[in-house]
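What follows is a single structure, written as structure tokens, with notes after it.
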Amino acid sequence: MRSLLTGLALVVALLGLVGIAIPTAHADGVDDAFLKAVNSKGINFGSPKAAIVAGHEVCDELDQGRQKADVATDMTNGGNLDGYHAGFFVGLSIAAYCPRHHHT
């Protein structure tokens, strides 16, 4: 249950440490739409890159058989998102990066 939170925290920390050394890649259209939707709800991951990585992490968790509600709950327990925003973020992640989980 804490694997998502631990993974997200580690990714955010690593991105902060190496962010200066890595050139910023231009986000593609999917990333741009995802970030626009995330920002429209006031969800803040500290950087666009961290939000995109977190979105992909949601998909990784779902690929491992986790339930959407469990992933969202992990985000509320270890982060600054309430249930609504965590559920919204999971839904956005699915729509953008893993639509195969839309009806699972």
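Using mature numbering (1 follows the signal peptide of the UniProt record, and there is no 0), the letters of the sequence shown correspond one by one to residues -27 to -1, 1 to 77. No residue lacks a Cβ here, since even glycine has one placed at the ideal position from N, Cα and C. This structure is a prediction, so every number in the text was calculated from the model and none was measured.
### Query
Got a sec, what are the start and stop residues for the alpha helix (DSSP H) L54 sits in?
Counting along the chain, L54 falls outside any alpha helix (DSSP H), and DSSP gives it neither H nor E.
### Message
Closest to A24 by C-alpha separation, out of V11, I67 and C32, would be which residue?
### Response
Ranking the options by Cα distance to A24, first place goes to V11.
### Task
Label G28 either buried or exposed according to how many other C-beta atoms from any shown protein chain fall within 10 Å of its C-beta, with 16 as the threshold for buried.
Classification of G28: buried, given that the 10 Å Cβ count is 16 or more.
### Query
Thinking C-beta only, is A42 closer than 8 Å to T49?
Not closer than 8 Å, so no.
### Query
Looking only at C-alpha atoms, which of V31, S66, Q37 and D36 sits nearest to A6?
Cα-wise, what sits closest to A6 is S66.
#### Entry: V11 CB to nearest heavy atom of the ligand FAD below 7 Å
This structure does not include the ligand FAD; it has no bound ligands of any sort.
### Query
Does DSSP classify R73 as helix, strand or coil?
Residue state, collapsed to three classes: helix.
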